[in-house]
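With numbering that gives the first Met the number 0 applied, the sequence shown corresponds to residues 0 to 271, in that order. Ideal placement from N, C-alpha and C gives every residue a C-beta, glycine not left out. The structure presented is a predicted model; accordingly, all values stated were derived computationally and were not measured. Take a look at the structure set out below.
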Amino acid sequence: MTTTATASGDLGAAIARAAAGLRTARRVMVFTGAGMSADSGIATFRDAMTGLWSQFDPQALATPAGFDADPPLVWGWYESRRQQVMLATPNAGHAAVAQLQRQRPGWQVVTQNVDDLHERAAAAAGVPPGQAPVHLHGSLFAARCHHCARPFSLPPGLPGEPADGRLLPPPRCAACGGPVRPGVVWFGEALPRAAWKQADAAARACDAMLVVGTSGVVYPAAGLPALTLSLGRPVWVVDPDAAGAGSHPQLHHLQGRAAEVLPLLAAAIASG
Ligand code: BV8
Ligand code: ZN
0 MTTTATASGD LGAAIARAAA GLRTARRVMV FTGAGMSADS GIATFRDAMT
50 GLWSQFDPQA LATPAGFDAD PPLVWGWYES RRQQVMLATP NAGHAAVAQL
100 QRQRPGWQVV TQNVDDLHER AAAAAGVPPG QAPVHLHGSL FAARCHHCAR
150 PFSLPPGLPG EPADGRLLPP PRCAACGGPV RPGVVWFGEA LPRAAWKQAD
200 AAARACDAML VVGTSGVVYP AAGLPALTLS LGRPVWVVDP DAAGAGSHPQ
250 LHHLQGRAAE VLPLLAAAIA SG
């Protein structure tokens, strides 16, 4: 039976049930998507197209072909998103996850997000480096040459908007002169092998999974909760939207925002 708690109704009871389940779990995989960062003001992936980029489909821009077709446009989109993240702060949901990781060595974050908000919350909470988040889709803070893959050091400070509104071309690689690209995984590109191996192992080994803020449409990442369920382990989903949760006897939905539900969940786990 899938338990769906509404924010106004039995959310408290559902959180208590989730806390009882997660408290006794030794290994928990926390699987996050763009909804995890929404309460930090970072538009979710499918809402990310604001301003100049509102006329484009993210799935068209987040591809090698999109970059090849218009490097300044795609580079500008990622730089504006990097700036948005640099100006944002981790929200109460990030802090709650970091607090749980600090108290529980078996909690591991696997994220689809390309921001560094989990890292910043973990640093503030003193989470050991061995529990650093696994990034399945790369990071806005890594860049590399599109041709020879040589890493590129992004300049310190905010990327800044071009003065006259014109989009600047991406920097050039010092080794081969190729254009620099964001260090994210585009559609049609393979996920980093090591990250995928870690995520797949965590989904198989965990005693329970906590999924936060993902529409579950992007594969292979979206297959991870189903893998855990297939092994008979429970999955709790935190999302204000009930639609995407799917249904399974071991799948439980906590309907609410990450910044609202996760601190309540962390407190309930601690109070048991
Ligand atoms: C691969 C980085 C194979 C970039 C991202 C045709 C050709 C090629 C591949 C495919 C194809 N057809 C299908 C595929 C597979 C494809 C895919 O899955 N496509 C989908 C769209 C059908 N996958 C791939 O291409 C992957 N690679 O298959 O490679 C291969 C193998 C070997 C060799 C070569 C190739 C690569 C996919 C990675 C794409 N890159 N990101 C960037 O960020 O720009 S994916 C992108 O979507 C982000 O990472 C994002 O995280 C991810 C998933 O989106 P969500 O995180 O779920 O965000 P979304 O906005 O959708 O949902 C937000 C949720 O939060 C909602 O549920 C909302 O209700 C909730 N929410 C809102 N507010 C809150 C909240 N929750 C909690 N609190 C709140 N406050
Ligand atoms: Zn190069």
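Around the Cβ of V216, are there at least 16 other Cβ atoms within 10 angstroms (buried) or fewer (exposed)? exposed
Short Cβ contact (7 Å threshold) for A201 with V126: no
On a Cα-Cα basis, can you pick out the residue from F140, H247, Q111 and R149 that is closest to P219? Q111
Is G177 near the ligand BV8, in the sense that its beta carbon is under 6 Å from a heavy atom of that ligand? no
Report whether the distance from the Cβ of R149 to the nearest heavy atom of the ligand ZN is below 6 Å. yes
Excluding five sequence neighbours on each side, which residues of the same chain lie with their C-beta closer than 7 Å to the C-beta of L228? V234, H247, Q249 and L250
Could you work out which residue in S214, P158 and A207 is closest to G75 when comparing CA atoms only? P158
Between the CA atoms of R26 and A356 - distance to the nearest angstrom: Residue 356 lies beyond the stretch modelled for the chain, which goes from 0 to 271, so this question has no answer here.
Three-state secondary structure (DSSP) at L230? coil
Endpoints, the alpha helix (DSSP H) within which A204 is located: R192 to A204
From this set, D56, G11 and G177, which residue's C-alpha is nearest R149's C-alpha? G177
Going by DSSP in three states, V184 sits in which element: helix, strand or coil? coil
Output the residues surrounding the ligand BV8, defined as those with a CB atom closer than 5 Å to any ligand heavy atom, in chain order. G32, A33, G34, A37, D38, T43, F44, R45, A61, Q111, V113, H136, V183, V184, F186, G187, A189, G212, T213, S214, V217, Y218, D238, D240, G243, R256 and A257
Measuring straight from C-alpha to C-alpha, what distance separates S39 and G255? 15 Å
Sub-7 Å separation of A120 and A94 beta-carbons: yes
Does the beta carbon of S138 sit closer than 7 Å to a beta carbon anywhere in chain D? The chain labelled as chain D is not found in the depicted structure, where only one protein chain is given.
Which of the three DSSP states, helix, strand or coil, is assigned to L167? coil
Can you name, in chain order, every residue of its own chain whose Cβ lies under 6 Å from the Cβ of T23, other than the five neighbours on each side? none
For the pair the segment 151 to 170 and the segment 204 to 211, tell me if three or more CB-CB distances fall below 8 Å. no
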